[in-house]
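Heads up: the sequence shown begins at 237 in the numbering used here, then just goes up one per residue.
Even for Gly, the Cβ is constructed at its ideal location relative to N, Cα and C.
For clarity, every value in this text was computed on a predicted model and none was experimentally measured.
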Amino acid sequence: MPTVPLTTLAAHAFAAVLIACVPIGAWLWLRRRFDLAWRDIFVGAAVFVVFALVLERLLHVYLLQLNPVTAQWLRAPALFVIYGALMAGLFEEFGRWLGLRFLTRKPGGAATPVAYALGHAGIEAWLVGTASQAQTVMFGIAAKRGDLDTRLAASGAESMIGTIHAMLMQLSPWLAAGAAVERIAAMLIQFTLTLVVWYAVRQRRFAMVVLAILLHALADLPAALYQVHVLPLAVTEAVYAVVAVLLAATCWPPQGGRKIGESSLR
Numbered sequence: 237m238p239t240v241p242l243t244t245l246a247a248h249a250f251a252a253v254l255i256a257c258v259p260i261g262a263w264l265w266l267r268r269r270f271d272l273a274w275r276d277i278f279v280g281a282a283v284f285v286v287f288a289l290v291l292e293r294l295l296h297v298y299l300l301q302l303n304p305v306t307a308q309w310l311r312a313p314a315l316f317v318i319y320g321a322l323m324a325g326l327f328e329e330f331g332r333w334l335g336l337r338f339l340t341r342k343p344g345g346a347a348t349p350v351a352y353a354l355g356h357a358g359i360e361a362w363l364v365g366t367a368s369q370a371q372t373v374m375f376g377i378a379a380k381r382g383d384l385d386t387r388l389a390a391s392g393a394e395s396m397i398g399t400i401h402a403m404l405m406q407l408s409p410w411l412a413a414g415a416a417v418e419r420i421a422a423m424l425i426q427f428t429l430t431l432v433v434w435y436a437v438r439q440r441r442f443a444m445v446v447l448a449i450l451l452h453a454l455a456d457l458p459a460a461l462y463q464v465h466v467l468p469l470a471v472t473e474a475v476y477a478v479v480a481v482l483l484a485a486t487c488w489p490p491q492g493g494r495k496i497g498e499s500s501l502r
């Protein structure tokens, strides 16, 4: 059974806390510039859960497991990469478009897409980033105690023992740092894509939604290539680090919010 050094476990625990705190820090900073509505934040979070975690995953289950024909086709690495990147873009951006269309039914300024993006990106950071790192730490602690295999077998995940052992053997402080960078980059990408779709909604230009789908697919491409072992993890994380720096330097939210005196609880 693999043994994970305490320093490595501490690094991944710190990454979990950092990823959890980034959305909170973003909210504290953005609320000084915008009158953020909790309704807008909740809609953004709900769209991610429904479209990315429920509907998209249901399609994956059908096409990758239940349908033998499509499952066979998608075993080809090139088709899997194209499929994975496009489906992520299609579900999230179509959901984003519906969510922002709902929010424009009542007057809202630049604060609306900012609050929506905060909800969408924040819940993704918590459910994907923080949860993943926390689970990794729990696996590592169980391995150090010597009861990991017993716990997995008791939970019905006996078939995953080999995969989890291999994952634990690859853990390192650098991997934890890369995971944190990737999640921060993902949040910045979500903010940028929200502004693109917000423009599409306000200007009634659905072609911009198609652009957002393609941009989202492009952003997911490095991760998809890593999944099929085309890109090494270090290169994948480096790509997202560069993306994070570029977006942080160039893609800031628009200035201003709702009019003074307008309720943030519309």
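Span separating the alpha-carbon of I255 from that of A361: In this structure, the CA atom of I255 is about 6 Å from the CA atom of A361.
Residue span of the alpha helix (DSSP H) that contains T239, given as start and end: Note, T239: premise wrong, no alpha helix (DSSP H); not H, not E.
Runs of alpha helix (DSSP H) wholly within the region 263-341 (minimum 4 residues, chain order): Qualifying alpha helix (DSSP H) stretches, in chain order: 274-283, 292-297, 304-309, 313-339.
Beta-carbon gap between A307 and L315 smaller than 8 Å: With a cutoff of 8 Å on beta-carbon distance, A307 and L315 are scored as not near each other.
Nearest neighbour of S368, chosen from R438, F250, P304 [CA to CA]: Among R438, F250, P304, the Cα nearest to that of S368 is on F250.
Alpha-carbon to alpha-carbon, L451 and W274: Spanning the alpha carbons of W274 and L451 requires a straight line of approximately 27 Å.
Among R267, M423, E292, L264, the one whose alpha carbon lies nearest that of G358: Ranking R267, M423, E292, L264 by Cα distance to G358 puts M423 first.
Reduced DSSP category for H401 - H, G, I as helix; E, B as strand; rest coil: DSSP places H401 in helix when its eight states are reduced to three.
Beta strand (DSSP E) segments (min. 3 residues) lying fully within the region 362-428: If we require 3 residues or more, the region 362-428 turns out to have no beta strand (DSSP E) run fully inside it.
Where R441 falls: helix, strand or coil (DSSP): DSSP places R441 outside both helix and strand once states are collapsed to three, so it counts as coil.
Beta-carbon proximity list for G365, same chain, < 6 Å, skipping 5 on both sides: Excluding residues within five positions, the ones whose Cβ falls inside 6 Å are I255, R419.
Where P349 sits in the DSSP three-state scheme: Under the three-state reduction of DSSP output, P349 falls in the helix class.
Stretch-stretch touch, CB-based, cutoff 8 Å, three pairs: the region 429-444 with the region 281-288: With the cut-off at 8 Å, the region 429-444 and the region 281-288 do not touch.
Among A477, A453, L322, the one whose alpha carbon lies nearest that of L411: Distance from the Cα of L411 is smallest, within the candidate group A477, A453, L322, for A477.
Nearest candidate by alpha-carbon position, reference F375, set T430, H356, L407: When only C-alpha atoms are compared, the closest one is L407.
V464 (DSSP reduced to helix, strand or coil): The answer is coil: DSSP assigns V464 none of H, G, I, E or B.
Check whether H248 and V350 have beta carbons under 8 Å apart: Going by C-beta atoms, H248 is not nearer than 8 Å to V350.
Alpha carbon of F330 to alpha carbon of L295, nearest angstrom: Inter-residue distance for F330 and L295 is about 15 Å (C-alpha atoms, whole angstroms).
Local Cβ density within 10 Å of T239, reported as buried at 16 or more and exposed below that: It counts as exposed.
Beta-carbon proximity check, A448 vs A324, cutoff 8 Å: No, these two residues do not count as a Cβ contact at 8 Å.
Test item: CB-CB of P313 and V464 under 8 Å: In this structure, V464 lies closer than 8 Å to P313 by Cβ.
As assigned by DSSP and simplified to three states, the class of S500: Caution applies to S500, whose pLDDT of 38 falls short of 50 and renders its modelled position unreliable; the value that the coordinates give is listed next. Note: S500 maps to coil in three-state DSSP.
Environment of M396 [buried if 16+ CB atoms lie within 10 Å]: Taking all protein chains in view, the Cβ of M396 is surrounded by fewer than 16 other Cβ atoms within 10 Å, so the residue is classified as exposed.
Closest Cα partner of L334 within the set A282, Y298, G382: Ranking A282, Y298, G382 by Cα distance to L334 puts A282 first.
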